[in-house]
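J.: I am attaching a structure below and will ask some questions about it afterwards.
Numbering (the UniProt record's numbering), first residue to last: 1 to 173.
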């Protein structure tokens with residue numbers, strides 16, 4: 001009997017040692033992950049501070065340039081090139097006069113046929129009718145002074161459902 005108990009004891013001790021080793025490995029992995037996350041967070045913070053410093057330096061340089069120009073905070077106008085009127089003439093000359101005359105003929109034919117004045121948009125046969133939701137009809141009837149029981153009878157709902165809907169509406173508004 002004693003050898004069996006010793007065997008079971010050694011077996012349990014072995015299983016516990018394996019479990020302790022596995023758990024210690026998991027703990028060490030989580031500690032490594034935490035260190036990595038802290039390092040990444042520190043790197044991100046450093047990059048943000050570097051960007052902020054760059055932006056501040058650029059702002060100071062811009063303010064110095066504005067003061068040198070004598071604008072003193074007035075609007076800075078961008079230097080634009082004047083519009084070239086000759087480019088517009090080149091575009092117009094590329095369109096042939098035949099195309100323009102052809103377009104005018106088609107417009108005249110269109111107006112002679114009565115195309116523009118005889119057009120009537122299609123009218124939908126069925127008109128969409130508005131059906132309010134149950135919640136909105138409950139609230140409307142309650143605001144009109146109808147009791148909860150009468151609302152429940154008219155809408156085929158339970159009184160507790162009506163009361164809950166009114167309670168939710170009063171909390172929302």
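Each residue gets a CB set at the ideal place from its N, CA and C atoms; glycine is no exception.
These numbers come from a predicted model, not from an experiment.
Taking its Cβ as the centre, do 16 or more other Cβ atoms sit within 10 Å of residue 44, making it buried, or is it exposed?
T.: As a position in the chain shown, residue 44 is number 44, starting the count at 1. Per the 10 Å Cβ criterion, exposed.
J.: Can you tell me whether residue 9 is helix, strand or coil according to DSSP?
T.: In the chain shown, the residue the question calls residue 9 occupies position 9. Residue 9: helix per DSSP, three-state reduction.
J.: Using the rule of at least 16 other Cβ atoms within 10 Å of the residue's Cβ for burial, across every protein chain shown, is residue 159 buried or exposed?
T.: Position 159 of the chain shown, counted from the start, is the residue given in the question as residue 159. With fewer than 16 Cβ atoms within 10 Å of its Cβ, residue 159 is classed as exposed.
J.: Near residue 165, what residues of its chain come up, given a Cβ to Cβ distance below 7 Å and the 5 sequence neighbours on each side ignored?
T.: Here residue 165 corresponds to residue number 165 of the chain shown, with the count starting at 1. Closer than 7 Å at Cβ, skipping near neighbours: 135 and 138.
J.: By the 10 Å Cβ neighbour count, where 16 or more other Cβ atoms means buried, how is residue 55 classified, buried or exposed?
T.: Here residue 55 refers to the residue found at position 55 of the chain shown. Classification for residue 55: exposed.
J.: Rounded to a whole number of angstroms, what is the C-alpha to C-alpha distance between residue 32 and residue 17?
T.: On the chain shown, residue 32 is found 32 positions in, with the first residue counted as 1. On the chain shown, residue 17 is found 17 positions in, with the first residue counted as 1. Each residue's Cα considered, the two are about 23 Å apart.
J.: When burial is assigned at 16 or more other CB atoms within 10 Å of the CB, is residue 2 buried or exposed?
T.: Along the chain shown, read from residue 1 onward, the residue named residue 2 stands at position 2. Exposed is the call here.
J.: Drop a sphere of 10 angstroms on the beta-carbon of residue 15, count the other beta-carbons inside from all chains shown, and report buried for 16 or more, exposed for fewer.
T.: Counted from its first residue, the chain shown places residue 15 at position 15. By the 10 Å Cβ count, residue 15 comes out exposed.
J.: In this structure, how does DSSP classify residue 1 when only helix, strand and coil are distinguished?
T.: Along the chain shown, read from residue 1 onward, the residue named residue 1 stands at position 1. In this structure, residue 1 counts as coil in the three-state DSSP scheme.
J.: Return the first residue and the last residue of the alpha helix (DSSP H) that residue 131 is part of.
T.: Position 131 of the chain shown, counting from 1, holds the residue named residue 131. Premise fails: residue 131 is in no alpha helix (DSSP H) and is neither H nor E.
J.: Would you say the beta carbon of residue 147 comes nearer than 7 Å to a heavy atom of the ligand GDP?
T.: Summarising the ligand content, the structure contains no ligands, and the ligand GDP is consequently not present.
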